[in-house]
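What follows is one structure encoded as structure tokens, with my remarks underneath.
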Amino acid sequence: MKVSRFNVLVQESDCNQLVYNTLTGSIGRVNPRLTAMLKSKDLSKLESVEFAEVVEDLKEQGVLVPSEMDELKEYEMMHKKWKEGKESVEFNALLTYDCNFECPYCYQGRGEKGEQIHGFKYMTPELLGAFEKFIKKTTVERGAKGLELVLYGGEPSLPKAKAMGMELTDKVANWARERGILFGLHALSNGSLIDKDFVDWLSNYGARLQIPVDGAPEMHNKYRFYKENSKGSFEDIAKVLGMTRGTDVETHIRISLTDETAPTMEKLLDELKARDLTHVYPDFCYITAFTNACADFKDHTLSDGNLFEIMPNLWREAHKRGFPLSIRPRVQPLPCSSVADGSFIFDPFGEVYKCWELVGLKEHVVGRIDSEGNLSKTSVYGDVLERNPVNIEQCRNHAYLPACAGGCVCKAQWQSNTYHAPGCGSEKYLLKDKIKVYVETLELPNTPQKDIKGVAFQKIEGRQQPKMSHCYVLV
């Protein structure tokens, strides 16, 4: 046996460390003596039969692995399987580039820039029909057992877009149900136009809804205001969040951290709690200036160092106030669904993209569909799918690899002008904090560590199933 190359040790206290295995997703607690063995990779003292029980636990967690096991190859096979996997498909409907907000950091373009880039275009009924055909055809061809639809924009709850999105969803969902295909719905909206009927409709699908909230009310109103009259939207958004309470809508708020919003975060959490909105998931996220459309917002974006110094405390503050958190690290075969063969983003021009943050940038178009829902791929499609983090030198030898999968594809493009480079982001800076804060939030039974002659190990959580990530943070 040998020590896994994918162990991450996290200092929990003066006495103990947490050990997280990025390939299995397991979490355990180890004492100083066992920590020293794992760091030195000297397991000779564990070979005695008296330590067999601890060794078996460590093997079960993936902390120790067979000597002949090539873990890098194991991860590469997992990456390939998920990239090429046919069991599930994901279709993102960018129903319109139009929006009733004019947020200063909009990466798709607002005002004159938006007019030049996309003209605030909507999908036509003909294109919507072609998209529906493509969804059904692709799902059948791949033999998929699961289908996810994402309603997205612009603003997908604008009346014209909303009607199209609901029609498409109902048709596809009914079609999937008749064939025994599991259907999932996600919606990303600024929230301003959502009413009780729409919430009930989302609830019927058990949908995941994401709405941005940018700090305490006065700060949010400075960033997220109506195009028509510059009026802030906080009160309207708070009402909508209240509508989702007690429904089957899994509600997330995307909270943008900038130099201006970050100081208002605790005030925001207090405000939401006072309004009895602690059912929502607060997702603290970063704002980027990747595209020319939002380049003039760059001065307000936070450096990685500053951003990731702030977030652990915000998780703790949110947990203290009773909000649910979604911070548990997970095994990620892919950095996000953008590099999966069965994932597509369709825009109102009939153009297909892989990454949400790259929509509207013609050099990143991966294909186009015709009126019959047939996809013609560009060379970019193959280039994106060829991305393999195991072939990226900075990634292949890093213990974090199965937790980040090489990082953000868009960030790689932005920084290195290629998809085949590291896109280091939150996992690089926050993985250890995620593990530590997550364990703090657990109500663990008072189970003592298994201690054999000064070698102590406690299982906290076992192996986890790999899970596809969606890059909701960038919308």
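Numbering (this note's numbering), first residue to last: 62 to 536.
Ideal Cβ placement from N, Cα and C applies to all residues, glycine included.
Identified DSSP bridge partners for F405:
Partner(s): F152.
On the DSSP letters alone, give me the boundaries of the beta strand (DSSP E) that V110 sits inside.
Segment: none, V110 is in no beta strand (DSSP E) and carries neither H nor E.
How would you call A268, buried or exposed, if buried means at least 16 neighbouring beta carbons within 10 angstroms?
Burial call: buried.
In chain order, what residues of the same chain lie with their CB nearer than 8 Å to the CB of L125, ignoring the 5 residues before and after it?
Contacts found: M62, K63, V64, S65, L104, V116 and L119.
Going by the CB atoms, is the gap between Y499 and R389 shorter than 7 Å?
Contact flag set, yes.
List, from N- to C-terminal side, the alpha helix (DSSP H) runs of 4 residues or more that fit wholly inside the region 183 to 224.
Taking only runs of at least 4 residues, the alpha helix (DSSP H) segments lying wholly in the region 183 to 224 are 186 to 203.
Rounded C-beta distance between N161 and Y287? I'm assuming under 8 Å.
Contact holds; Cβ gap of about 6 Å.
Look at H340 and Q271 and say whether their C-beta atoms are less than 7 Å apart.
Cβ atoms of H340 and Q271: not closer than 7 Å.
Which of helix, strand or coil DSSP assigns to P483
Three-state result, P483: coil.
Would you kindly work out how many angstroms separate the C-alpha atoms of K142 and H281, rounded to a whole number?
Rounded to the nearest angstrom, the two C-alpha atoms are 42 Å apart.
Quick one: Cα of Q78 to Cα of Y414, how far?
In a straight line, the C-alpha of Q78 is about 43 Å away from that of Y414.
Identify which residue in K102, C397 and W236 has its Cα closest to the Cα of K528.
When each option's Cα is compared against that of K528, the closest is C397.
Buried/exposed call for D494, threshold 16 Cβ in 10 Å
Answer is buried; the Cβ neighbour count reaches 16.
What is the DSSP secondary structure of P463, counted as helix, strand or coil?
Of the three classes helix, strand and coil, the one that applies to P463 here is helix, per DSSP.
Enclosing beta strand (DSSP E) for R269 [first to last residue]
Counting along the chain, the beta strand (DSSP E) containing R269 begins and ends at R269 to P273.
Could you check where the beta strand (DSSP E) with D512 kicks off and where it finishes?
Here the beta strand (DSSP E) through D512 covers K511 to I513.
Taking just the CA atoms, how far does E296 sit from L254?
Rounded to the nearest whole angstrom, the CA to CA distance from L254 to E296 is 12 Å.
Neighbour-count burial assignment, Q455, 16 or more Cβ in a 10 Å radius
With fewer than 16 other Cβ atoms within 10 Å, it is exposed.
Smallest Cα separation from S440: which of P450, N449 and R429?
For S440, the nearest C-alpha among the options comes from R429.
How far does the alpha helix (DSSP H) with H179 in it extend, from its first residue to its last?
Neither: H179 is in no alpha helix (DSSP H) and is coded neither H nor E.
May I ask which residues mark the beginning and end of the beta strand (DSSP E) holding N77?
Annotation: N77 is outside any beta strand (DSSP E) and is labelled neither H nor E by DSSP.
Take L330 as the anchor and find which of G411, K106, H380 and S250 has the nearest alpha-carbon.
The shortest Cα separation from L330 among G411, K106, H380 and S250 belongs to H380.
What does DSSP give as the partner residues of V516 in its beta bridges?
In the DSSP output, where bridge partners are listed per residue, V516 has I513.
Going by alpha carbons, who is nearest to F369 out of S399, V470, M139 and C485?
Distances from the CA of F369 to each of S399, V470, M139 and C485 were compared; the closest alpha carbon is that of C485.
Taking H537 as the reference, which of V69, I348, E135 and E176 has the closest Cα?
As shown, the chain starts at 62 and ends at 536. That puts residue 537 outside it, with no answer to give.
What residue ranges within the region 297 to 348 form continuous alpha helix (DSSP H) runs of no fewer than 4 residues, ordered along the chain?
Those alpha helix (DSSP H) runs which fall completely within the region 297 to 348 and span 4+ residues are 326 to 335.
R524: buried (16+ other C-beta within 10 angstroms of its C-beta) or exposed?
In summary, R524 is exposed, with fewer than 16 beta-carbon neighbours lying within 10 Å of its beta-carbon over all protein chains present.
Our contact map puts H140 next to A464 with C-beta atoms below 8 Å; I'd like the distance itself, whole angstroms only.
For H140 against A464, the beta-carbon gap comes to about 13 Å, at or over 8 Å, which does not count as contact.
Can you give me the C-alpha to C-alpha distance between L70 and G293, rounded to a whole angstrom?
Taking the straight line from one Cα to the other gives about 45 Å.
Would you call the region 213 to 231 and the region 148 to 162 in contact, with 3 or more CB pairs under 8 Å?
Touching, yes.
Is the separation between the beta-carbon of R448 and that of Y480 shorter than 7 Å?
Cβ distance < 7 Å, so R448 and Y480 count as in contact.
Report the residue from N265, R377, Q526 and P93 whose alpha carbon sits nearest the alpha carbon of R391.
When only C-alpha atoms are compared, the closest one is Q526.
S74: buried (16+ other C-beta within 10 angstroms of its C-beta) or exposed?
It is exposed - the Cβ of S74 has fewer than 16 other Cβ atoms within 10 Å.
Within the continuous alpha helix (DSSP H) that includes F162, where are the two ends?
First-last for F162: undefined, no H or E at that position.
Helix, strand or coil for I410 per DSSP?
Per the sequence presented here, residue 410 reads as Phe, with Ile not at that position. When DSSP states are grouped into helix, strand and coil, F410 belongs to the coil group.
Boundaries (first-last residue) of the alpha helix (DSSP H) holding Q72
Q72 -> not in any alpha helix (DSSP H); beta strand (DSSP E) instead, spanning N68 to Q72.
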